[in-house]
Structures are given as C-alpha cells and as structure tokens.
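Trainee:
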Amino acid sequence: MNLPSAFEKEMKRLLGAEYNDYIDCFDEPRHYGLRVNTAKISVEDFLKISPWPLKKIPWIHNGFSYDGERFHPAKHPYYFAGLYYLQEPSAMTPADRLPVEPGDRVLDVCAAPGGKATELGARLNGTGLLAANDLSSSRAKGLLKNLELMGIGNILVLSEEPGKLIPYFNGYFDKILIDAPCSGEGMFRKDRKMIRAWEEHGPEYFSKIQRSIITQAAQMLRPGGMILYSTCTFSPAENEQTIEYLLNQYPEFDLCEIEGYEGFSCGMPEMTASGDDRLRRTVRIFPHRMKGEGHFLALVRKKGNGAPSAAGRSAGSVRKKLPEELTDFLAGVKRQFDPGRMDIRADKVYYMPEGLPDLKGIRFLRTGLFLGELKKKRFEPSQAFAMNLKKEEYARTIDLSVSDERVIKYLKGETLDVGDLVSVKDKGWYLVCVDGYPLGFGKLAGQTLKNKYLPGWRWQSS
C-alpha cells in the first residue's frame, strides 16, 4: 500500500505504537453492511426471512454484516421492497447516535446518497419532518429515490448551499446531522481511489468547508436541540479542531457523551490549540480496532430549552375541496389524510408535512409525499405512494411469494397474468407486494395486470 508520506507522518503522530496495526488492517477484507429499514419491517421479522446469513453489528441496533463476496442483496426483491439499506458498518453510526424522536424536525445537511437520511426518516416513523439537503442536484435526485424506496414520506428534499437555508429555517430544527464532506482518510482501505483525491484536496481544504457548514447549521438549531457532526477521516483539523472552532464561535454549545462501544476511541483534545478536555467526549473509529472503516463523531447540544421557530407561513395550510377522483381513490386507503395538508400543483398531488415554511426562492426536489397525478378525471397513484403504504392499508392487493417468477417480471416492467389471484370483475388499481411488502402499483383489466412500476427503478438484468 503506497500511502502519501504526509498522511503516514500524521497517522504515526495520532496512533504511535498502534501505527503498524493500522497498516496491517489494509490486508484484511472490506466489511459489508446491511441496515434493516424499521419503517417497513422489524429487525426480528427481517431475520426470519433474510435470504443470507447475517452477523450482528454490535454497536448498531438494526445493523448487520454479510459476506459481500458471496451474496448480492442489491439484486433481490426485498431490496426493491425497501426492507433494508446497504451501508458500511461505521457509516451507520452517526444516524444511530443522533437521538431522533417521533415528531422532531430533523435536517440532514449533506444527505446524499441517503444512508443516514433514510435511518433518520425511519426513526421519525411518519411524524415531524425530515429535511434532506445536498448541494449537487444530481446527487439530490439519488437521495430522493432512496428516501422514496424506503417509504419515507414526511420529507423535504433540498439542493442548496447550507447558508442559503438559514433565513427559511432560523432556529427551526430539533436535530441536525452533518456528515461533512471530508478528505476521506478513513476510506483509504475500502476505496483506493480516495488516496488520489486526498492528494488533490487534503484536510486543509476541507476543514474550511466544514467550519462554514457547522456554523451555518448552528443557526438553524433551536435552543435545546442537538447536532451530530461526523466525518470519515482521521485529520484533527477536520475533526476535533472543527468542533473546537464551533465551541469558540458559539459558546452556547456543549459536547454530549455518545453511547460507547468497546472498539470506540475517545477524541484527542491534545491535537487542538485549546486542549479542551470536553473533546474527549467525541468518538474516533479506527479500522484496526473495529470491523468498520474510519470515522469521527461529535454530538453537541445548544443550551436552552425552546420550541422550534415557526420559520414563516405553513405551506399547504389552506383547505380546499379535493377533486372527486382523488377522494374516490383515497376511500380505498385505510389511513386518515388531513385535507388541509393536501397540495395540488400542476395536477400533481402532495401530502405535506406540518409547519413547513414558504420555500419560495430556494431549490427543492420534493415537498412531502408525492401521492400521484390527476389525469383527465382520473387519479394515478405514484411509486412513492406505493412504497409509503403498508399492505393492510390498501383495499386491493396482489401478494406474490418471493419465489414467484412474476415478482421479477413485475420489477422489469412486464405485464402480468394474475387470473389465478383475482376476480376478473374487480378491475382497477392493485398494490403489488412481495411476501406482504409493497413494490408498486398495477392496473387490472380482465386477467391482466398492466404494470405501473416506475420505469427508472426497474430491475436491470446485467
């Protein structure tokens, strides 16, 4: 392994006698992780149906490792049902350690591709708000897909500079997660291309960005709220020194203890100018001590105890008479919808989170749950709506066993013969499920189910 000499020198300073153990871990196989999506299935129920052997990740309540050389969970119908998210074990830690509670307003500042945002959304359990932001519009599109695949509906997906969000969300959020862009030193073992990227943009470049992001996020947190800051790097400039900068700029913040694990290492205040002993409450994850890649975490709390800011007019708050075709469809859904939270824009129907401010002037990809479209006196439900539903919430379902060849045909977008499962008289919309978990909609005509699975999500044969 050819590592940059400046990086080697810094790691010897950080690790001392453990440096050789760190170097030796480069010869170990990478670790593959799977996180159960508790928005759709309990850990216990997933373990009953898991197609592969799983080993518990001891510091993550819903995290498991698997043999990624033998098994490929991304090519299984359960993945398309949103039952799990594939994520490196250490990367599961930040969202797990931010104490999100139902009803919270939560912001994930640098959210793409969605590994942490989907867990935060699952913890909200359909309540409150998950605002997920990524500056890159292309990455934000992938983020939106993953949130919809996981069935998270109480969302706001943004694509903005964090500083531009402050006027809209000043003092608004209860919890904020910052998985900051970083030099990626903790990923060198997993992805050797990160070494070349480090040589182009190292810790000094990223530490400036991180200080900007964390101080901007601080302004969007209510008194009493919490920020979880994380990186996948070892550099003190990007880790302890960034938190030291926040504490100096905003003395109303203090560091919280993070739930430990025997492989965690405490932070290194000796690597900062102040030597602030509170920095020992931060967590370092070294790959030679744990079965995961390198990571850093810090949990800070804003002093005080205030309610979130109203942050402007609530969107979707005006009650309107809903189109008959929409109410007819919703009559078959066993869930209560507040008409005042329905928002119809250009024939597209959204179910909005409560208390959302007026977003005029900022870039966003999605507000709330996209329910579907109004088309010539009929309503067509969306893929996002299908993934947000549970089987028992929809009146008409076609539930296929995972071994039924029609599951893959459906995911490929093919028309299905379902005469053995439904009456030809019962035409209309059906929720297609695999082993009781929704995949998408289809429309029945005779014995044939016209496939409505979203084209961009379809199963690829290669």
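Here the numbering used here is used: the first residue of the sequence shown is 141, the next is one more, and so on.
Even glycine gets a Cβ: it sits at the ideal position worked out from N, Cα and C.
#1: How long is the line joining the alpha carbons of L154 and L579, rounded to whole angstroms?
#2: Measuring CB to CB, does K474 end up less than 7 Å from G291?
#3: Tell me where the alpha helix (DSSP H) around F166 begins and ends.
#4: Run through DSSP, which three-state label would T588 get?
#5: Is it true that the region 408-415 meets the region 380-388, where meeting means three or more beta-carbon pairs spaced less than 8 Å apart?
#6: Shortest alpha-carbon distance to G254 belongs to which of L317, A447, D539, R210?
#7: Please determine, among D331, N142, K285, the residue with the shortest C-alpha to C-alpha distance to A524.
#8: In terms of residue numbering, what span does the beta strand (DSSP E) encompassing E301 cover?
#9: For S414, does the three-state DSSP call read helix, strand or coil?
#10: Just to confirm my understanding: we take L289, look at its own chain, exclude 5 residues before and 5 after, and list those with CB closer than 7 Å. What are they?
#11: Check G293 in the structure and name its three-state DSSP category.
#12: Could you please give me the residues that DSSP links to N435 through a beta bridge?
#13: Enumerate in chain order the residues of its own chain whose CB-to-CB distance from A438 is below 6 Å, with the five nearest sequence positions on each side excluded.
#14: Within 10 angstroms of the Cβ of P479, are there 16 or more other Cβ atoms? Answer buried if so, exposed if not.
#15: For the alpha helix (DSSP H) holding A257, just list the boundary residues, first then last.
#16: Given a cut-off of 7 Å on the beta-carbon distance, is the pair F211 and W192 in contact?
#17: For the putative contact between E325 and G434, defined by C-beta atoms under 8 Å, what is the C-beta separation to the nearest angstrom?
#18: On a CA-only basis, which of E148, K592, Y577 is nearest Y218? Give me that one, please.
#19: Beta-carbon within less than 6 Å of L589's beta-carbon, same chain only, minus the 5 sequence neighbours each way: which residues are those?
#20: Using only CA atoms, which one of T258, R351, K215, G407 lies nearest to D236?
#21: Among residues of its own chain, excluding the 5 on either side of N310, which ones have a beta-carbon nearer than 8 Å to its beta-carbon?
#22: Where do the ends of the alpha helix (DSSP H) carrying W338 lie?
#23: Span of the beta strand (DSSP E) holding Y312?
Mentor: Taking the structure as given:
#1: Computed Cα separation, rounded: 48 Å.
#2: no
#3: Element bounds for F166: n/a, residue is neither H nor E.
#4: In this structure, T588 counts as strand in the three-state DSSP scheme.
#5: Segment contact: the region 408-415 against the region 380-388, three or more CB-CB distances shorter than 8 Å; contact assigned.
#6: L317
#7: K285
#8: If you look at E301, you'll find it isn't in any beta strand (DSSP E); DSSP assigns it neither H nor E.
#9: coil
#10: Cβ neighbours of L289 beyond the five flanking positions: G222, M527.
#11: coil
#12: A quick correction: the sequence has His, not Asn, at residue 435. Per the DSSP secondary-structure output, H435 pairs in a beta bridge with I425.
#13: Y369, I383, T422
#14: Within a 10 Å sphere around the beta-carbon of P479 sit fewer than 16 other beta-carbons, which makes this residue exposed.
#15: 255-264
#16: yes
#17: 6 Å
#18: Y577
#19: Taking L589 as the centre and dropping the five residues before and after it, the same chain places the C-beta of L556, V558, G582 closer than 6 Å to its C-beta, in chain order.
#20: T258
#21: Q359, M360, S449, A451
#22: 333-340
#23: Where Y312 is concerned, there is no enclosing beta strand (DSSP E), given that its DSSP letter is neither H nor E.
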